[in-house]
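Enquirer: Take a look at this one; I'll ask things after.
Structural data, given as structure tokens:
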């Protein structure tokens, strides 16, 4: 018996092409590097692997891109064992692109003054959009992103909520190294970022 299927049938998965995946990774990491540049200028923290990399950058002077790339290396094995080689490859490419863009962006942008609250809000909105693009193309920025995606796919716990909990823990640990005013602004940013992810990235709503 033939069954007519509507083009809008949610059970039909229209997978992204490789070209779309590459373009998505380029766009997301490019705008994300701009957001991270805003945070670095204002000395604002963020959570996740990027937050750890920023903390290392502030404490040691090691370039963000270098720290970010090195921290992510152990997570590739976890992703390979639990989530498949395709995600590992896409994540490795995304991490490499962000590492490169984060080093190039300051050479093209010069900022004289920036309100820290404004920079925190706009940077975390941009970061949230960037993460959504990556997630929907089965990619990530490694580290906490990978753990959050794994927990959501395995246990149906929203990735945004997982990441928010971890991000706030990282920010709390940063209290020993940054002023409390900056810490509060950074926590505001973490809430904004993860609210965007929790609201927009749900496996029951997005299939492709």
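In the working numbering, the protein residues as written are -6 to 201.
No residue lacks a Cβ here, since even glycine has one placed at the ideal position from N, Cα and C.
Quick caveat, the model's predicted, so the values are computed rather than measured.
Residues in its own chain within less than 6 Å of residue 179 by CB, not counting five upstream and five downstream?
Expert: Position 186 of the chain shown, counted from the first residue, corresponds to residue 179. Result list for residue 179: 37, 38, 164, in chain order.
Enquirer: Just checking, does the region 117 to 126 make contact with the region 179 to 188 on the three C-beta pairs under 8 Å criterion?
Expert: The region 117 to 126 vs the region 179 to 188: in contact.
Enquirer: If I measure Cβ to Cβ from residue 186 and keep anything under 6 Å in the same chain, skipping five residues before and after, which residues do I get?
Expert: To locate residue 186, count along the chain shown from 1; it is residue 193. Counting only Cβ-Cβ distances below 6 Å, and skipping sequence neighbours, we find 117, 120, 121.
Enquirer: Three-state secondary structure (DSSP) at residue 193?
Expert: In the chain shown, counting from the first residue as 1, residue 193 sits at position 200. Helix at residue 193.
Enquirer: Taking residue 108 as the reference, give the member of 150, 176, 34, 70 with the closest Cα.
Expert: Your numbering for residue 108 matches position 115 in the chain shown. That would be 34, whose Cα lies nearest to the Cα of residue 108.
Enquirer: How many Å lie between residue 169 and residue 175 at the Cα?
Expert: Sequence index remark: in the chain shown, residue 169 carries index 176 (1-based). Sequence index remark: in the chain shown, residue 175 carries index 182 (1-based). Their Cα atoms are separated by approximately 12 Å.
Enquirer: Do residue 86 and residue 28 have their CB atoms nearer than 9 Å?
Expert: Taking the chain shown and counting its residues from 1, the one referred to as residue 86 is at position 93. Taking the chain shown and counting its residues from 1, the one referred to as residue 28 is at position 35. Not a contact, by the Cβ cut-off of 9 Å.
Enquirer: Please report how far the alpha carbon of residue 89 lies from the alpha carbon of residue 68, in whole angstroms.
Expert: Within the chain shown, numbered from 1, the residue matching residue 89 stands at position 96. Within the chain shown, numbered from 1, the residue matching residue 68 stands at position 75. Computed Cα separation, rounded: 14 Å.
Enquirer: Within its chain, find whatever has a CB closer than 7 Å to the CB of residue 60; leave out the 5 residues flanking it on each side and keep chain order.
Expert: Here residue 60 corresponds to residue number 67 of the chain shown, with the count starting at 1. Cβ within range, chain order: 46, 49, 50.
Enquirer: What's the call for residue 229, buried or exposed, on a 16-neighbour Cβ count within 10 Å?
Expert: In the structure as shown, the chain begins at -6 and stops at 201. Residue 229 is therefore absent and cannot be evaluated.
Enquirer: When you compare only the Cα positions, how much space is there between residue 10 and residue 130?
Expert: Stepping through the chain shown from its first residue, residue 10 is reached at position 17. Stepping through the chain shown from its first residue, residue 130 is reached at position 137. Approximately 9 Å between the Cα atoms of the pair.
Enquirer: Using the C-alpha atoms, what's the distance from residue 26 back to residue 171?
Expert: Looking up residue 171 in the chain shown gives position 178. Looking up residue 26 in the chain shown gives position 33. So the two alpha carbons sit approximately 22 Å from each other.
Enquirer: Taking the alpha carbon of residue 152 as the reference point, which residue from 140, 80, 161 has its own alpha carbon closest?
Expert: In the chain shown, counting from the first residue as 1, residue 152 sits at position 159. Minimum Cα distance to residue 152 is reached at 140.
Enquirer: Please report the distance separating the alpha-carbon of residue 159 from that of residue 103.
Expert: By one-based count along the chain shown, residue 159 stands at place 166. By one-based count along the chain shown, residue 103 stands at place 110. If you take the alpha carbons of residue 159 and residue 103, they lie about 32 Å apart.
Enquirer: Using a Cβ-Cβ cut-off of 7 Å (strictly less than) and excluding sequence neighbours within five positions of residue 64, which residues of its own chain qualify?
Expert: Counting from 1 along the chain shown, the entry for residue 64 is found at position 71. Excluding sequence neighbours, residue 64 sits near 42, 45, 46, 136.
Enquirer: Taking buried to mean at least 16 other C-beta atoms within 10 Å of its own C-beta, is residue 146 buried or exposed?
Expert: Reading the chain shown from its first residue, position 153 is the one you call residue 146. Flag for residue 146 reads exposed.
Enquirer: Among 92, 144, 99, whose alpha-carbon lies nearest the alpha-carbon of residue 30?
Expert: Reading the chain shown from its first residue, position 37 is the one you call residue 30. Of the listed residues, the one whose Cα sits closest to residue 30 is 99.
Enquirer: Please list the terminal residues of the continuous alpha helix (DSSP H) segment that includes residue 56.
Expert: Your numbering for residue 56 matches position 63 in the chain shown. Residue 56 -> no alpha helix (DSSP H), and no H or E assigned at all.
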